[in-house]
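Asks:
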């Protein structure tokens, strides 16, 4: 059947199965076809030597919407021209020892949204160097091939593939390799988000992904540019092959699961970057080999690498490995107790080698090498750990009996396996033989209250073979919690004082009531590398004032506030529920022609019910309460330019005592602490009546903490620590308000309040209602 311009639709009149019996190609295109659409079930009833579709020129689209059962010794599609898109939305059952799709031309997209059951493969290549832009699977592919030269789902002889994408809904199951090359092939992106599962019982030497057969001189031109797995790549019943073998890859990233039960998980040759934040498990976790052209490889493991077997290791170096492996991050989960870690066999027994999840093995970085060659253990000098790269889970270590200010062997963090399960301490062999003690290679994984220190503060040329766990008192988590309360308290006091001063200015009746609702956003840069403290909150303030008609006013207020603050650096979250009350008094002490001089005082109190939580390896949380008492006294001067414009100058002295409750997070027990705040503030404000309905005011001011420090203590592992902590010295504030007079006795206003310091940025939006009677 020949094809001309237009579309072809294969569909029976009564939606029955379309059966063909022919020993010649069903569709042969030598022109241009816009679309071939298979809308009915299709079955060929013969085993002839022919193609279903043979394309020499151009086909824009092939869409399978129903089911195909095809048996032939040749193949379903043969392309030596151009096909834009092949889409399967139905089911393809291909039976026979042949090529399912043979491409020696160019194809943009192969998309499977349905099901493919096949024991034949997709042959993408040929001597012409074919191009395939996209292979995308969102459906199910089951490939159970027969033995032979082409024993993979996708075989690439030569050519290019822009992207291999197995989506989150994609499932590929096979008894042989999924993707392999047999020549000069370039793949830009391999992206697996779904499931790739290979049962290697039949072909034990297969890998799920095998990309080899590249010469060293081609390593920059061919290979895989970006390999990313966020799904699962699982290989079962393999002892000779494994999950992944790639001789050239620029970026290798795993955020999912790669596992091989009895063989290597990942084998990589020339590779620029390795990043693992997921789980890799196999007889060898990650195996590395190099070619004639040595390169530098950047390596990061903040996930988990596991191995099984006496000849296994987290990292294996090939016999001729001469690349530089530069480790920037390696999370080391020391889950052994301190005695096992320091024992002669490093706490690793025979039973541990047969268990992927052995905590004893995971408590060390275990490396293996080819002992039969001269380089042997000396190849470890090519492993370079960067400063702070080995990150220890110190919280768990303390829980396992590791002591503070006690020295442990640095060398024992890295062990070598000679291939028989005999382990040797090797921390002194890395970093070109300088070891782990020449600079600060160790760091606490997630809790910056701990510091890893060496025994001697010697020069970088000297070697220290022991480390200890010390406490950095300035990184106390009570400092973070106290600052959360301090910032909120200072902001709230300023806000309330400003409200009361405004209400007194407006006082013309015997009594008045006001209500204000506000929203706040706080952002605070904490000291001592503790990151930021930021979050949002909202509150309500209710107040009442009474005019005593002796140039004095008394008042009272109550309020509630809710605020959530996060400190992502320390993985802390603080939720505050605040109740506050206060009494205030205002008295004019001198009247002038166009101005007034007055004093004002205030007594106030607040209670904060707080919940703090932290997520390290698990969630830790506690509750605590904070209480404050404060008084203030101020002197103010109002100058009236005219009936519409007033300038106010205010000076205030404040004292507040804050009692912060204690709490416990993990091994850290933070005690009750108190802070005495003495502050002096100055503010200048302008009030302008725009017309009989609208008025506005704006202010600028500054506050200085006379006493800008406090003391606090905490306990870890039976040791008490106390230190001096500093607050901001200077604060600056600004306000802008617009008000609308609804009736002579009521108004509504919207205002902005800002509070700033060298480290603080606090914004409040206030909506208020005021009623007089």
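Numbering (full-length UniProt numbering), first residue to last: 1 to 773.
Glycine is no exception: its CB is placed at the ideal position from the N, C-alpha and C atoms.
No experiment lies behind these values; they were computed from the predicted model shown.
#1: Need the endpoints of the alpha helix (DSSP H) that residue 359 sits in, please.
#2: Since residue 180 and residue 211 are thought to touch, with beta carbons under 8 Å apart, how far apart are those beta carbons, to the nearest angstrom?
#3: In whole angstroms, what separates the C-alpha of residue 625 from that of residue 721?
#4: Could you tell me which residues DSSP puts in a beta bridge with residue 248?
#5: Quick one: does residue 624 have its CB under 8 Å from some CB of chain C?
#6: In angstroms, rounded to a whole number, what distance separates the CA positions of residue 374 and residue 270?
#7: With a CB to CB cut of under 6 Å and the five nearest residues on each side skipped, what residues in its chain are close to residue 114?
#8: Under 8 Å between the Cβ atoms of residue 693 and residue 615?
#9: Beta carbon of residue 827, beta carbon of residue 543: below 8 Å?
#10: Of all the options 571, 572, 568, 580, which has the alpha carbon lying nearest to the alpha carbon of residue 559?
#11: Is residue 543 helix, strand or coil when you go by DSSP?
#12: Leaving out five residues on either side along the sequence, give the residues of the same chain with a beta carbon under 6 Å from the beta carbon of residue 322.
#13: Report the residue from 221, 316, 195, 255 whose alpha carbon sits nearest the alpha carbon of residue 232.
#14: Quick check on residue 519: buried or exposed, where buried means 16 or more other Cβ atoms within 10 Å of its Cβ?
#15: Can at least three beta-carbon pairs, one atom from the region 510 to 526 and one from the region 705 to 719, be found at a separation below 8 Å?
#16: For residue 730, is the classification buried or exposed, using 16 other Cβ atoms within 10 angstroms of its Cβ as the cut-off for buried?
#17: Compute the Euclidean distance between the alpha carbons of residue 572 and residue 475, then round it to the nearest angstrom.
#18: Just list the residues that DSSP pairs residue 648 with in beta bridges.
#19: Rounded to a whole number of angstroms, what is the C-alpha to C-alpha distance between residue 402 and residue 514?
#20: Along the chain, where does the beta strand (DSSP E) that runs through residue 737 open and close?
#21: Residue 468 lies in the beta strand (DSSP E); which residues open and close that run?
#22: How big is the Cα-Cα spacing for residue 435 and residue 465?
#23: With DSSP as the reference, identify every bridge partner of residue 698, one or two as the case may be.
#24: In the structure shown, what three-state DSSP assignment does residue 757 receive?
#25: Exposed or buried, which one is residue 750 when buried takes at least 16 other CB atoms within 10 Å?
#26: Measure the alpha-carbon distance for residue 8 versus residue 177 and round it to whole angstroms.
#27: Given a threshold of 16 other Cβ atoms within 10 Å of its Cβ, counted over all protein chains shown, does residue 316 qualify as buried or as exposed?
#28: Rank 427, 429, 108 by C-alpha distance to the C-alpha of residue 163 and give the top, closest one.
#29: Check this for me: beta carbons of residue 634 and residue 599, under 8 Å apart or not?
#30: If we call anything under 8 Å between Cβ atoms a contact, is residue 382 one with residue 306?
#31: Who are residue 27's beta bridge partners in DSSP?
#32: Nearest to residue 503 by CA position, among 37, 546, 690, is which residue?
#33: Since residue 658 and residue 486 are thought to touch, with beta carbons under 8 Å apart, how far apart are those beta carbons, to the nearest angstrom?
#34: For a quick check, are the C-beta atoms of residue 241 and residue 265 less than 8 Å apart?
#35: Please classify residue 450: does DSSP put it in a helix, a strand, or coil?
#36: Report the rounded CA-to-CA distance for residue 26 versus residue 311, giving the unit in angstroms.
Replies: Reading it off the structure:
#1: 359 to 362
#2: 7 Å
#3: 22 Å
#4: 270
#5: This model lacks chain C altogether, as it is built from one protein chain only.
#6: Only weak support exists for where residue 374 lies, its pLDDT of 46 falling under 50; the value from the coordinates is given anyway. Spanning the two alpha carbons is a distance of roughly 22 Å.
#7: 88, 89, 90, 91, 139
#8: no
#9: This structure cannot settle anything about residue 827, because the visible part of the chain is limited to 1 through 773.
#10: 580
#11: strand
#12: 290, 294
#13: 195
#14: exposed
#15: no
#16: exposed
#17: 13 Å
#18: 638, 685
#19: 59 Å
#20: 730 to 743
#21: 466 to 471
#22: 8 Å
#23: 686, 736
#24: coil
#25: exposed
#26: 35 Å
#27: buried
#28: 108
#29: yes
#30: no
#31: 53
#32: 546
#33: 7 Å
#34: no
#35: strand
#36: 55 Å
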